[in-house]
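A.B. asks: First residue of the sequence shown: 25, per the working numbering; consecutive thereafter.
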Amino acid sequence: FPVVVHSHGLRSLPELHAPLTTRWAAAGFVVAAPAYPRTNLRSRNFTRADVRNQPADGWRLIRHLVRL
25 FPVVVHSHGL RSLPELHAPL TTRWAAAGFV VAAPAYPRTN LRSRNFTRAD VRNQPADGWR
85 LIRHLVRL
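Structure, rendered in structure tokens:
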């Protein structure tokens, strides 16, 4: 199956992008939309290290999906 990883930006949440990700899913894509716990809209504090770690977290998700 084709896979799309939607990575929300700083201070956002995956559900805010549901109209977009839902359309992708309806078109036949498997959509992974992680919520990054330290940089999402609900997090109170984040550091530069948290922001730098977000791409690495995305890569971990992709590696996990490939193994499925």
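By construction, the Cβ of each residue, glycine as well, lies at the ideal position given by its N, Cα and C atoms.
1. So, with DSSP's three-state summary, where would you put residue 64?
2. Express the C-alpha separation of residue 68 and residue 28 in angstroms, rounding to a whole number.
3. When the distance is taken between beta carbons, is residue 92 closer than 8 Å to residue 64?
4. In the DSSP output, which residue or residues are listed as bridge partners for residue 2?
5. So residue 57 packs on residue 41, CB below 8 Å; how close in whole Å?
C.D. replies: With the given structure in hand:
1. strand
2. 28 Å
3. no
4. Outside the displayed range of the chain (25 to 92) lies residue 2, so it cannot be described from this structure.
5. 7 Å
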